[in-house]
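Chemist:
Here it is as structure tokens:
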């Protein structure tokens with residue numbers, strides 16, 4: 001559904017590439033997350049894929065069309081939720097939706113709701129019911145909460161049945177409760193439509209729900225895979241051992257003899273690298289005062305990638 | 001190009017204007033100040049000694065100026081839209097860029113015209129001598145000035161990357177035209193360097209056309225009116241076409257190249 005090859009973007013008067021020779025593909029119906037810190041190139045990538053920015057080099061195809069040469073065909077098949085809301089707050093919710101429907105050629109233009117076709121009116125009522133805003137659909141959008149505005153944007157962006165829905169940090173600026181209900185809504189969307197979701201985020205827990213995650217840093221993909229694979233790849237497990245002061249030297253000696261890698265100092269932190277904890281403990285004769293394992297979360301592993309090893 | 005998308009884009013501009021009471025009020029306050037206060041003071045103090053009706057002179061000038069400005073600035077607002085607001089959505093929709101620019105021109109002209117209408121009423125109330133036919137004629141040539149202003153806005157739009165640049169540059173381009181186009185004072189005689197600036201100022205032709213219609217064939221050429229309506233129309237048509245073509249091409253190119 002999305003194919004990116006050697007995509008590179010350098011903004012005018014910049015010395016570094018905002019996106020640097022990136023290649024990946026996203027299959028139809030997939031939920032794909034681009035995870036990375038601010039300034040990693042996530043929004044640049046999404047801008048190129050949504051045809052609002054021309055790449056410096058490389059190519060990208062969305063829904064089978066080239067984003068440079070066939071921009072208007074790409075636009076017909078995508079929906080976009082921007083970082084900043086793209087709603088007109090002076091208009092009512094219904095007017096915002098009507099604009100969208102007319103721009104995407106779903107209905108002819110009519111100046112008022114009551115002069116729009118019946119099919120449209122029914123659709124609006126369904127939509128209002130889905131969002132629980134039957135009473136407010138004809139009120140100006142500025143009276144809506146941020147979370148509700150976001151949901152309306154999502155509903156609006158799905159009206160023309162896009163093949164891919166791009167979401168650029170959709171929960172940025174929302175409070176935790178709104179974030180949660182927005183995600184509940186997105187999950188329903190995923191289950192009910194076969195739309196491919198392309199999400200950028202800097203929240204790990206949002207990315208973890210995806211089928212595939214690409215971790216972006218400084219314009220490059222640092223890691224790409226399913227959340228499980230990424231975890232296995234990024235998260236190393238450690239065994240922590242300690243002994244009484246008198247025995248510490250002999251513990252070190254035994255560990256070296258087993259060919260294990262560990263940090264200097266006590267307690268000893270051994271990188272497991274596939275060794276079994278049980279096997280190691282069994283081989284050690286020195287009396288131990290501490291035995292425990294440590295496995296950093298995906299978040300810690302991600303922070304290490306982004307900030308470099310501590 | 002779809003007519004429905006064009007209508008939807010322009011209708012939004014009109015709705016936005018009508019829903020914003022402060023913008024409505026402000027759009028009438030400035031012309032009222034210029035005509036009522038400034039025009040009133042000058043008329044009372046200079047009176048007959050200048051040989052023409054100063055109130056009517058300012059009235060016609062401010063009328064054309066307001067329509068031109070309103071349309072230009074409205075079209076330039078497409079820049080805001082690029083950074084936030086609804087037009088992000090507009091720019092990723094399958095609607096062609098040319099339709100967007102045209103929709104914006106039509107929409108901002110629709111916004112400018114009620115302002116023009118209000119100024120015409122204001123002028124009649126303030127005692128500018130008019131007839132209904134004259135007001136209708138002024139409204140028609142005002143529409144042409146509006147379209148010129150909108151196309152000038154497209155031209156400027158194509159040259160700006162973001163709102164900040166636009167905010168810094170637009171006043172430097174717009175404000176001097178208030179003087180160079182002779183909105184407040186006759187500009188029949190100008191030093192050569194101002195003459196050049198005045199002649200390249202598109203607003204000059206819109207203002208002069210409105211005056212040509214108002215003062216009619218008896219106008220004092222070089223004082224109240226600079227050139228015949230016909231020659232003003234020709235210059236305006238040429239500028240309109242030039243601005244529109246160049247501006248749209250620049251806008252479409254710039255929009256995706258950053």
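Protein chains in written order, with the working numbering: chain A, 1 to 310; chain B, 1 to 258.
Just so it is clear, CB atoms sit at the ideal spot from N, CA and C, and this is done for glycine as well.
Do residue 219 (chain A) and residue 20 (chain A) count as a contact pair if the criterion is CB distance below 7 Å?
Modeler: Counting from 1 along the first chain, the entry for residue 20 (chain A) is found at position 20. Counting from 1 along the first chain, the entry for residue 219 (chain A) is found at position 219. Yes, these two residues count as a Cβ contact at 7 Å.
Chemist: Taking contact to mean 3 or more Cβ pairs, one atom from each stretch, closer than 8 Å, check whether the segment 189-206 of chain A and the segment 159-178 of chain A are in contact.
Modeler: The segment 189-206 of chain A vs the segment 159-178 of chain A: in contact.
Chemist: Output, in sequence order along the chain, the residues in the segment 9-40 of chain B whose CB is closer than 7 Å to any CB in chain A.
Modeler: Those would be 11, 12, 15, 16, 19, 20, in chain order.
Chemist: Whole angstroms are fine: how far does the CA of residue 80 (chain A) sit from the CA of residue 125 (chain B)?
Modeler: As a working mapping, residue 125 (chain B) is identified with position 125 in the second chain. As a working mapping, residue 80 (chain A) is identified with position 80 in the first chain. Looking at the two C-alpha atoms, the distance is approximately 51 Å.
Chemist: Out of A:238, A:231, A:127, A:61, state which residue places its alpha-carbon closest to the alpha-carbon of residue 298 (chain A).
Modeler: Position 298 of the first chain, counting from 1, holds the residue named residue 298 (chain A). If we check each option's Cα against that of residue 298 (chain A), A:231 comes out closest.
Chemist: With a 10 Å radius around its C-beta and 16 neighbouring C-beta atoms as the bar for buried, classify residue 41 (chain A) as buried or exposed.
Modeler: Taking the first residue of the first chain as position 1, residue 41 (chain A) is located at position 41. Answer is buried; the Cβ neighbour count reaches 16.
Chemist: Determine the chain B residues that contact residue 75 (chain A) at a beta-carbon separation under 8 Å, and present them in chain order.
Modeler: Against the first chain, residue 75 (chain A) aligns to sequence position 75. Ordered by position in chain B, the residues that pass the 8 Å Cβ test against residue 75 (chain A) are 92, 93, 94.
Chemist: Straight-line CA distance for residue 282 (chain A) to residue 228 (chain A)?
Modeler: As a first step, residue 282 (chain A) must be located in the first chain, where it is residue number 282. As a first step, residue 228 (chain A) must be located in the first chain, where it is residue number 228. Using only the alpha carbons, I get a separation of about 30 Å.
Chemist: Assuming residue 247 (chain B) and residue 157 (chain B) make a contact with CB atoms under 8 Å, what is their CB distance in whole Å?
Modeler: On the second chain, residue 247 (chain B) is found 247 positions in, with the first residue counted as 1. On the second chain, residue 157 (chain B) is found 157 positions in, with the first residue counted as 1. Correct: roughly 6 Å between the Cβ atoms.
Chemist: In chain B, which residues lie with their C-beta within 7 Å of the C-beta of residue 90 (chain A)?
Modeler: Here the question's residue 90 (chain A) lines up with position 90 in the first chain. What residue 90 (chain A) touches in chain B: 16, 19, 20.
Chemist: Using a Cβ-Cβ distance under 7 Å, would residue 7 (chain B) count as near chain A?
Modeler: On the second chain, residue 7 (chain B) is found 7 positions in, with the first residue counted as 1. Chain A contact via Cβ: present.
Chemist: Which complete beta strand (DSSP E) runs does the segment 179-203 of chain B hold, if anything under 3 residues is left out?
Modeler: Correct list: empty.
Chemist: Assuming residue 32 (chain A) contacts residue 168 (chain A) under a Cβ cut-off of 8 Å, what Cβ separation, rounded to an integer in Å, is found between them?
Modeler: As a working note, residue 32 (chain A) is residue 32 in the first chain. As a working note, residue 168 (chain A) is residue 168 in the first chain. Not quite, the Cβ-Cβ distance comes to about 13 Å (not below 8 Å), so this is no contact.
Chemist: Grab me the residues of residue 239 (chain A)'s own chain with a C-beta within less than 7 Å of its C-beta, minus the 5 sequence neighbours each way, in chain order.
Modeler: Within the first chain, the letter at position 239 stands for residue 239 (chain A). Hits under 7 Å: 270, 272, 277, 280, 293.
Chemist: Since residue 1 (chain A) meets chain B, which of its residues come closer than 9 Å, beta carbon to beta carbon?
Modeler: The residue labelled residue 1 (chain A) in the question sits at position 1 within the first chain. In chain order: nothing, as chain B lies at least about 17 Å away.
Chemist: Quick one: list the residues of chain A neighbouring residue 2 (chain B), beta-carbon separation under 8 Å, in chain order.
Modeler: Position 2 of the second chain, counted from the start, is the residue given in the question as residue 2 (chain B). Here the neighbours are 105.
Chemist: Could you tell me whether the segment 141-148 of chain A touches the segment 109-120 of chain A, using the rule of 3 or more Cβ pairs below 8 Å?
Modeler: The answer is no - the segment 109-120 of chain A does not touch the segment 141-148 of chain A, with fewer than three Cβ pairs under 8 Å.
Chemist: Could you give the C-beta distance for residue 107 (chain B) and residue 14 (chain B), rounded to a whole number, given that I count them as a contact under 8 Å?
Modeler: Taking the second chain and counting its residues from 1, the one referred to as residue 107 (chain B) is at position 107. Taking the second chain and counting its residues from 1, the one referred to as residue 14 (chain B) is at position 14. With 8 Å as the limit, residue 107 (chain B) and residue 14 (chain B) qualify as a contact, their Cβ atoms being about 6 Å apart.
Chemist: Residue 45 (chain B) by DSSP, collapsed to three states: which one?
Modeler: The residue labelled residue 45 (chain B) in the question sits at position 45 within the second chain. Residue 45 (chain B) falls in the helix class under three-state DSSP.
Chemist: May I have a chain-ordered list of the beta strand (DSSP E) segments no shorter than 3 residues that lie completely inside the segment 39-114 of chain A?
Modeler: If we require 3 residues or more, the beta strand (DSSP E) runs fully inside the segment 39-114 of chain A come out as 57-62, 78-81.
Chemist: For residue 303 (chain A) and residue 171 (chain A), I'd like the C-alpha separation in whole angstroms.
Modeler: Position 303 of the first chain holds residue 303 (chain A). Position 171 of the first chain holds residue 171 (chain A). About 20 Å.
Chemist: Could you work out which residues of chain B lie near residue 102 (chain A), taking near to mean beta carbons separated by less than 7 Å?
Modeler: Counted from its first residue, the first chain places residue 102 (chain A) at position 102. By Cβ distance, chain B contributes 4, 5, 8.
Chemist: Taking 7 Å as the threshold (beta carbon to beta carbon), is residue 360 (chain A) in contact with chain B?
Modeler: Examination of residue 360 (chain A) is not possible in this model, given that chain A is present from 1 through 310 alone.
Chemist: I'd like to know whether the C-beta of residue 148 (chain A) is nearer than 7 Å to at least one C-beta of chain B.
Modeler: Taking the first chain and counting its residues from 1, the one referred to as residue 148 (chain A) is at position 148. By this cut-off, residue 148 (chain A) is not an interface position.
Chemist: What residues in its chain sit with their C-beta under 8 Å from that of residue 150 (chain A), if we drop five residues either side in the sequence?
Modeler: For the purposes of this step, residue 150 (chain A) is identified with residue 150 of the first chain, where counting begins at 1. Answer for residue 150 (chain A): 81, 85, 170, 171, 174, 178, 182, listed in chain order.
Chemist: Name the residue from A:138, A:201, A:97, A:105 whose alpha carbon lies nearest to the alpha carbon of residue 152 (chain A).
Modeler: The residue you call residue 152 (chain A) lines up with position 152 of the first chain. Considering only alpha carbons, the answer is A:97.
Chemist: With a threshold of 16 other CB atoms inside 10 Å of the CB of residue 172 (chain B), please say whether the residue is buried or exposed.
Modeler: Position 172 of the second chain, counted from the start, is the residue given in the question as residue 172 (chain B). With fewer than 16 Cβ atoms within 10 Å of its Cβ, residue 172 (chain B) is classed as exposed.
Chemist: Is there a Cβ from chain B that is less than 7 Å from the Cβ of residue 116 (chain A)?
Modeler: Numbered from its first residue, the first chain carries residue 116 (chain A) at position 116. No, no contact with chain B.
Chemist: I'd like the list of long-range same chain contacts for residue 63 (chain B), defined as Cβ closer than 8 Å, with 5 residues on each side in sequence excluded.
Modeler: Mapped onto the second chain, residue 63 (chain B) falls at position 63. Once the five neighbours on either side are set aside, the close Cβ partners of residue 63 (chain B) are 31, 116, 119, 120, 123, 138, 142, 210.
Chemist: I need the boundaries of the beta strand (DSSP E) containing residue 164 (chain A), first residue and last residue.
Modeler: Numbered from 1 along the first chain, position 164 holds the residue referred to as residue 164 (chain A). Counting along the chain, the beta strand (DSSP E) containing residue 164 (chain A) begins and ends at 164-168.
Chemist: Of the choices A:216, A:249, A:241, A:127, whose alpha-carbon is the least far from that of residue 189 (chain A)?
Modeler: Residue numbering aside, residue 189 (chain A) sits at position 189 when the first chain is read from its first letter. For residue 189 (chain A), the nearest C-alpha among the options comes from A:127.
Chemist: Which parts of the segment 127-176 of chain B are runs of the alpha helix (DSSP H), unbroken and 4 residues or longer, counting only runs that do not cross its ends?
Modeler: The segment 127-176 of chain B contains these whole alpha helix (DSSP H) runs: 132-157.
Chemist: Is residue 37 (chain A) helix, strand or coil by DSSP?
Modeler: The residue labelled residue 37 (chain A) in the question sits at position 37 within the first chain. Here residue 37 (chain A) sits in coil by DSSP.
Chemist: Looking at the C-beta of residue 80 (chain A), does it have a partner C-beta in chain E at a distance below 7 Å?
Modeler: In summary, chain E is missing from the structure at hand, where the protein chains are A and B.
Chemist: So, with DSSP's three-state summary, where would you put residue 236 (chain A)?
Modeler: Against the first chain, residue 236 (chain A) aligns to sequence position 236. Correct three-state label for residue 236 (chain A): coil.
Chemist: With a 10 Å radius around its C-beta and 16 neighbouring C-beta atoms as the bar for buried, classify residue 148 (chain B) as buried or exposed.
Modeler: As a first step, residue 148 (chain B) is located in the second chain; it is residue number 148 there, counting from the start. Burial call: buried.
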